[in-house]
Amino acid sequence: MKTVLLLNGPNLNLLGTREPQIYGSTTLADIEKHIAALGAQLGVAVACYQSNSEGELVGRIHRAREEGAAAAIINAGAYTHTSVALRDALAGTALPFVEVHISNVYKREAFRHHSYLSDIAIGVIAGLGVYGYEAALRFLVETKAV
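Okay, structure coming up:
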């Protein structure tokens, strides 16, 4: 069975209580449980990981390649707009990925409009709420990216 890495960056562990007017009330645990169950229905395993540390996220991307992950769904949080290290890890491992943002970053502060990841992602989903994770997984499976 192929594996998809579900990677979440800083502050996403606060989902459910963090700015619910922007991010909703669904917790990260709820998202992970739903995506893992959906993956099982679609015939893929989902490995979930969250960290507030840039270096830990980079290390997890490296391990994903070593483990043979087929693709990733990545919500890098604030690191989307700041991390050349995450970009280099993704480019260096050639791990195909979909970039996900719960909020529509283009309706927010100007600094959120730039992503260091988007131009190397196979797709970008923004503003669909937590459904964006499901859409990303379905896209990966239906397009045979995994």
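For the sequence shown, this note's numbering assigns the number 489 to the initial residue and increments by one for each residue that follows. Where a beta carbon is used, it is the ideal one built from N, C-alpha and C, also for glycine.
Residues of its chain near residue i, where Cβ-Cβ distance is below 7 Å and the 5 sequence neighbours each way are ignored
| i | result |
| --- | --- |
| Tyr511 | Leu503, Ile590 and Ser591 |
| Leu600 | It is Arg, not Leu, that sits at residue 600 in the sequence shown. Within the same chain, Arg600 has close Cβ partners His569 and Val593. |
Nearest-angstrom Cβ-Cβ length linking residue i and residue j, presumed shorter than 8 Å
| i | j | result |
| --- | --- | --- |
| Arg506 | Asn496 | Wrong, their Cβ atoms sit about 12 Å apart, outside the cutoff. |
| Gly615 | Val588 | Wrong, their Cβ atoms sit about 10 Å apart, outside the cutoff. |
Within 7 Å, strictly: CB atoms of residue i and residue j
| i | j | result |
| --- | --- | --- |
| Leu493 | Ala535 | yes |
| Ala559 | Leu628 | yes |
| Arg553 | Thr581 | yes |
| Ile613 | Ala623 | yes |
| Gly611 | Val586 | yes |
Given residue i as reference, the closest of the options once Cα atoms are compared
| i | options | result |
| --- | --- | --- |
| Arg551 | Ser603, Ala624, Phe627 and Ala577 | Ala577 |
| Gly543 | Ile523, Ala525 and Leu574 | Leu574 |
| Gln509 | Leu625, Arg596 and Lys632 | Arg596 |
| His569 | Ala598, Ser541 and Glu555 | Ala598 |
| Glu630 | Gln538, Ser603, Ala525 and Val532 | Val532 |
Residues near residue i in its chain [Cβ-Cβ closer than 8 Å; skip 5 each side]
| i | result |
| --- | --- |
| Ile549 | Leu493, Leu495, Ala560, Leu574, Ala577, Leu578, Thr581 and Leu583 |
**Request:** Ignoring anything shorter than 3 residues or poking outside the segment 515 to 580, list the beta strand (DSSP E) runs there in chain order.
**Result:** 533 to 538 and 559 to 563
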